[in-house]
Amino acid sequence: MDIRYSTGKIPFRTMTTDEMRDEFLVKDIFKKDDVTAVYSHIDRIVTMGAMPVSGAVRLDKNIDAMKDFGVDFFLQRREIGMINIGGDGIVVADGVRYEVNHYDALYLGAGTKDVTLESKDSSKPAKFYMNSTPAHKTFPSRIITYEQANHIHMGSAAESNDRTINQYIHPDILETCQLSMGMTHLETGSVWNTMPAHTHERRMEVYFYFDFPEDQVVFHFMGEPQETRHIVMHNDEAVINPSWSIHSGCGTSNYTFIWSMGGENRTYTDQDWIKTPDLR
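In this note's numbering, the protein residues as written are -6 to 273.
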């Protein structure tokens, strides 16, 4: 498991492109018959990916629970959310079978011990994108299908941000300790996300960009509002954003991204907005 340590505002200002990418960019998320994990000390979120092809894989395949988290098993004091962006899949958690099909989500509460992930069709493997955060109590596990998510249309073609926000693991859908997850899809011709930009001092956020051509990119903007930087993102890559940083992007084509948050609260509107002309 790759471990990343927190970077403050002052060191961030002088980081090179490579240093920024090493600290905040998460690459190679999906590997055949494997589970990847990046543990960030920013609110201790874990960003994970699994692409089972030949058979089922264990969620904790590459995690030493005692060494990495000081517990007997990975989710003993953690919750996890996942959204399947690949072919239809199956997750078995403590003997309960969940069908997690394309664009469906699954939430597993703290205390879930044995978790395996598999694909229904090896020629169309599932791709489980996951985030896990610390949890102080157990909330019920449940599937959230694409149809059950909240679908909120925002923006316009004139503003280049005609998009639909799909809320899955969200206070209006189910209870969690701190984890929130959703998926935003931009329509053809729209390229901007999360603009006007904002920060939220009490929450961090991870953005995972996907569903755009391999020869296109997304410029992800981060940093303090008056001292912004960018990281160039390729398909199926994620970026870790501290609470003091904006998180916004502009693509060379439209795209889809999954947002995941952890921190002090789950109030979706707890944001500090920045007027676009005030950005630097």
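C-beta atoms are modelled at their ideal positions from N, C-alpha and C, and glycine is treated no differently.
- Item | Cβ separation of A142 and C170, assumed to be a contact under 8 Å, to the nearest whole Å | What you label residue 142 is simply residue 149 of the sequence shown in a count that begins at 1. What you label residue 170 is simply residue 177 of the sequence shown in a count that begins at 1. That pair is no contact at about 20 Å.
- Roughly how many angstroms lie between the CA atoms of I73 and D81, to the nearest whole one? If you number the sequence shown from 1, residue 73 lands on position 80. If you number the sequence shown from 1, residue 81 lands on position 88. Looking at the two C-alpha atoms, the distance is approximately 19 Å.
- Endpoints, the beta strand (DSSP E) within which T221 is located: The count along the sequence shown starts at 1 and reaches residue 221 at position 228. Per DSSP, T221 belongs to the beta strand (DSSP E) from E220 to M226.
- Query: Is the number of C-beta pairs between the region 58 to 66 and the region 134 to 154 that are closer than 8 Å three or more?
  - Reply: no
- Message: Looking at I78: is its Cβ nearer than 8 Å to the Cβ of K20?
- Response: Reading the sequence shown from its first residue, position 85 is the one you call residue 78. Reading the sequence shown from its first residue, position 27 is the one you call residue 20. Contact flag unset, no.
- Euclidean distance between Cα positions of I162 and D263: Here residue 162 is taken as the residue at index 169 of the sequence shown, counted from 1. Here residue 263 is taken as the residue at index 270 of the sequence shown, counted from 1. Spanning the two alpha carbons is a distance of roughly 16 Å.
- Query: Relative to the alpha-carbon of M(-6), which residue among S33, V46 and L101 has its alpha-carbon at the smallest distance?
  - Reply: Within the sequence shown, the letter at position 1 stands for residue -6. That would be S33, whose Cα lies nearest to the Cα of M(-6).
- For S183, does the count of other Cβ atoms within 10 angstroms reach 16, so buried, or fall short, so exposed? Mapped onto the sequence shown, residue 183 falls at position 190. By the neighbour-count rule (16 or more Cβ atoms within 10 Å), S183 is buried.
- V28 beta carbon less than 8 Å from that of A43: For the purposes of this step, residue 43 is taken as residue 50 along the sequence shown, with counting starting at 1. For the purposes of this step, residue 28 is taken as residue 35 along the sequence shown, with counting starting at 1. Cβ atoms of A43 and V28: closer than 8 Å.
- Message: Between the alpha carbons of G175 and T260, how many angstroms are there, rounded?
- Response: Taking the first residue of the sequence shown as position 1, residue 175 is located at position 182. Taking the first residue of the sequence shown as position 1, residue 260 is located at position 267. Cα-Cα distance, rounded: 14 Å.
- Task: Note the first and the last residue of the continuous beta strand (DSSP E) segment covering T29.
- Result: Counting from one through the sequence shown, the residue named residue 29 turns up at place 36. Element bounds for T29: V28 to S33.
- Message: Using the Cβ count rule (16 or more neighbours within 10 Å means buried), how would you classify I(-4)?
- Response: Translated into positions along the sequence shown, residue -4 becomes position 3. Classification of I(-4): exposed, given that the 10 Å Cβ count is below 16.
- Item | Residues near N154 by beta carbon distance below 8 Å, same chain, minus five either side | As a first step, residue 154 is located in the sequence shown; it is residue number 161 there, counting from the start. M147, G148, L179, S183, V184, W185, N186 and M188.
- Excluding the 5 residues preceding and the 5 following V210 in the sequence, name in chain order all residues of the same chain whose CB lies nearer than 8 Å to its CB. In the sequence shown, counting from the first residue as 1, residue 210 sits at position 217. Here the set comprises V225, M226, H227, G244 and T245.
- Task: Using the Cα positions of W266 and D114, report the straight-line distance between them to the nearest angstrom.
- Result: Here residue 266 is taken as the residue at index 273 of the sequence shown, counted from 1. Here residue 114 is taken as the residue at index 121 of the sequence shown, counted from 1. So the two alpha carbons sit approximately 44 Å from each other.
- Between the CA atoms of V31 and T126 - distance to the nearest angstrom: As a working note, residue 126 is residue 133 in the sequence shown. As a working note, residue 31 is residue 38 in the sequence shown. Spanning the two alpha carbons is a distance of roughly 12 Å.
- Backbone CA spacing between H223 and D229 [nearest angstrom]: One-based indexing of the sequence shown puts residue 223 at position 230. One-based indexing of the sequence shown puts residue 229 at position 236. Distance between the alpha carbons of H223 and D229 is about 17 Å.
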